[in-house]
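Enquirer:
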Amino acid sequence: MKCERAQKLISDRLDGKLSSWRQKRLDRHLTTCEVCRDYLLSQEIIQREALKTEKVDYPPEWWRQFEQALQAKIIQSTPGEEVISVLPAGISADISDIKGDKNSNKKGRSWAFKTHARQAASLLVVVVVAATLFLIIYIGRSKNEELPLPLILSYEDSYFNLSQILAEDEEAASNLARSLEETIIEETLLAGPEGTFIDIDYDFKTDNYEMVPEILQFENLNSEEGL
Amino acid sequence: MMKADEERELIERARRGEVEAFMQLVREYEHRILQLTYNLTRNREDAADLTQETFLQAFRAIKDFKGNSSFLTWLHRIAVNLSLNFLKKHRHASNYLEDIDGLEEKGRGAELAEAGGIPSVEDSWLSQELRTNLEKALEELPPAFQATFSLVVQEGMSHKQAAEVLGCSENTVSWRMHEARKMLKKKLQPFLSIE
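Quick note, the sequences are listed as chains A and B, same order. The first sequence finishes on residue 243 if you use this note's numbering, and the numbering steps up by one all the way, no holes. The second sequence finishes on residue 266 if you use this note's numbering, and the numbering steps up by one all the way, no holes.
(1) Buried or exposed: which applies to A:Q39, given that a residue is buried once 16 or more other Cβ atoms fall within 10 Å of its Cβ?
(2) Any beta carbon of chain B sitting closer than 7 Å to that of A:I152?
(3) Can B:F262 and B:N204 be called in contact, C-beta distance under 7 Å?
(4) Would you list the residues sitting across from B:E211 in a DSSP beta bridge?
(5) So which residues on chain B does A:W37 lean against when the C-beta distance must stay under 9 Å?
(6) For A:K33, would you say it is in contact with chain B, using Cβ-to-Cβ distances shorter than 7 Å as the test?
(7) Cβ of B:L255 less than 7 Å from any chain A Cβ?
(8) To the nearest whole angstrom, what separates the beta carbons of A:Q87 and B:K256, a pair I think is in contact under 8 Å?
(9) Keeping to the same chain, check which residues put their C-beta closer than 6 Å to that of B:L81; ignore five residues upstream and five downstream.
(10) Taking CB distances under 7 Å as the criterion, tell me whether A:A66 reaches chain B.
(11) Can you give the beta carbon distance from B:F136 to A:I90, rounded, assuming they're within the 8 Å contact cut?
(12) Strictly under 7 Å for the Cβ-Cβ distance: is B:V90 near chain A by that measure?
(13) Taking DSSP as the reference, what is the three-state secondary structure of A:E70?
(14) What is the residue span of the alpha helix (DSSP H) that B:K29 lies within?
(15) Check whether the region 147-162 of chain B and the region 103-122 of chain B touch, using three or more Cβ-Cβ pairs below 8 Å as the test.
(16) Cβ of B:M248 less than 7 Å from any chain A Cβ?
(17) Is the shortest distance between the beta-carbon of A:Q59 and the beta-carbons of chain B less than 7 Å?
(18) Assign B:E226 to one of three DSSP states: helix, strand, or coil.
(19) Measure the Cβ-Cβ separation of B:D251 and B:L201 and say whether it is below 7 Å.
(20) Can you pull the chain B neighbours of A:D28, defined as C-beta to C-beta under 9 Å?
(21) Have a look at B:E78, B:S229, B:R79 and flag the residue whose alpha-carbon is nearest the alpha-carbon of B:V244.
(22) Find the residues of chain B that neighbour A:A85, judging by a C-beta separation of less than 9 Å, and give them in chain order.
(23) With 16 as the cutoff for other CB atoms within 10 Å, does A:F150 come out buried or exposed?
(24) Is the Cβ of A:K18 closer than 7 Å to any Cβ of chain B?
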C-alpha cells in the first residue's frame with residue numbers, strides 16, 4: 017500500500033468510517049511504515065486539539081434578548097396576516113406600526129412600477145394592433161391590384177379553348193351537357209321540398225342531348241360583357 | 072432533548088405561521104447552531120448574526136421543509152450555506168487558499184508537498200501554541216473544507232450526515248477530510264509534538 021492511500025485510510029479511521037478489512041490492511045502498512053505511524057499520531061493530536069476549541073455560550077439574559085430580537089425580525093419580515101404573534105401587546109403594536117410603514121412603502125413602489133408596466137403594455141398592444149391592421153389592408157390592396165389581369169386572361173383563354181373544343185367535338189359537348197344537367201338536378205333535390213326551387217330552362221332536347229348554341233357561345237357572352 | 076413527535080407538531084404549527092411554535096424550535100437548537108457558526112467564523116458577533124439569519128431563513132422556508140432529513144440537519148444546511156457565503160465575502164483569500172481551491176478542482180490525485188520533519192520535542196508551551204495555531208489554521212482552510220472538518224470533527228457528524236448537510240457525496244466528505252487533515256498538518260508542523 018502506498019503512503020498516500022494509507023493516510024487516506026487513517027483519515028477515514030479517525031472518522032470511524034473504516035471497514036474491518038481495510039483496517040487490517042492499514043494496520044499491516046503501519047507496522048512497516050514509520051512515516052505513516054507519525055502521520056497517524058500527528059492527526060490524533062490535531063483531532064484532540066480540535067475538539068478542545070472554544071465553546072461559545074452566553075448567559076440566559078443574552079439568549080432571551082437574542083430570541084426577542086429574532087422573534088421581532090420574523091414578524092417584521094413576514095408579509096400579511098400569516099404570522100400568529102404571541103408577543104406582548106406593546107411590542108406587537110410597535111411591530112405592527114413598523115410593518116405598516118414598511119408595507120405601505122413597498123406598496124407605493126410596487127404600485128408605481130405596475131402603473132408604468134401597464135401603460136407600457138397598453139402602448140405595445142396599440143402598436144401591435146395598428147401594425148396588424150396596416151399589414152392586412154396593405155396586403156389586401158396589393159392582392160386586388162396585382163392579381164386580376166393574368167387571372168382574367170387565363171380564364172378568358174380557358175373559356176375560349178373550351179368553346180372551341182365543344183364546337184368541334186360533339187361527344188364532349190353532350191357529356192358536358194349531361195354533367196351540367198345532373199349537377200343542377202342534384203342541387204335542386206338537395207335543396208329539399210321547402211328549398212328554393214330553381215326553375216332553370218336549360219332547354220336541352222331529351223332524346224339527343226344537344227346543347228343550345230347560345231349557352232355555349234362564350235365568345236358572344238364575353239364580347240357582350242366587354243371582356 | 073425534544074421528542075420526535077413534539078418536534079413534528081411544532082414544525083407543523085410553525086408551517087401554519089405560529090411564531091411561538093417556531094421559537095420553541097429555536098430554543099431547542101440555537102446553542103448548536105451558534106457553536107457551528109462560531110466554529111466556522113471564529114467570531115462571536117458574526118456567529119450570533121449568522122445564527123439569527125439561519126433561523127430567519129428557516130422560518131421563511133419552513134413551508135418547503137419536506138421532512139426528508141431531520142430538522143436539525145436542515146438547520147445545519149442553512150447555517151453552513153450562510154456561513155460559507157459569509158466567509159467567501161469577508162475572507163481575504165491568500166495565495167495559499169487559492170492554491171488549495173485549485174487542488175479541489177484538480178481532484179484527489181493532487182498532493183500537497185510535505186515540508187520539514189516532525190519535531191519530537193514535547194514542551195507545554197508547544198501544546199498551547201498548537202491550539203492557538205490550530206484555530207488559525209482552521210480559519211485558513213478553504214470554506215468547504217473548513218465546514219466539512221467542523222461538521223465531522225467538532226459536531227461529531229458521520230460522513231453521511233455531513234454529506235446531507237453539505238449537499239455532496241460521502242466520498243467527497245471523506246476526501247475533503249483527508250485533504251483538510253493534510254493541510255492542517257502542514258500548517259501545524261512546527262507545533263506538533265509526537266508523544
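Yeah, the Cβ is synthetic: ideal placement off N, Cα and C, and Gly gets one too.
Expert: Answer, in terms of the structure:
(1) exposed
(2) no
(3) Yes. Within cutoff.
(4) In the DSSP assignment, no residue is bridged to B:E211.
(5) None at all; the shortest Cβ gap to chain B is about 17 Å.
(6) yes
(7) Interface flag for B:L255 against chain A is set, since a Cβ pair is found closer than 7 Å.
(8) A:Q87 to B:K256, Cβ: 45 Å. No contact.
(9) A92, Q95, L96
(10) It does; some Cβ of chain B falls within 7 Å.
(11) Incorrect: roughly 15 Å between the Cβ atoms, too far for contact.
(12) yes
(13) coil
(14) Shown here, chain B extends from 72 to 266; a query on residue 29 of chain B therefore has no answer.
(15) Segments in contact, yes.
(16) Taking Cβ atoms only, chain A reaches closer than 7 Å to B:M248, which makes this a yes.
(17) Cβ-Cβ to chain B under 7 Å: yes for A:Q59.
(18) coil
(19) Note on identity: in this sequence residue 251 of chain B is Ala, with Asp being the wrong assignment. Going by C-beta atoms, B:A251 is not nearer than 7 Å to B:L201.
(20) H230, S245, M248, H249
(21) B:S229
(22) Q123
(23) exposed
(24) no
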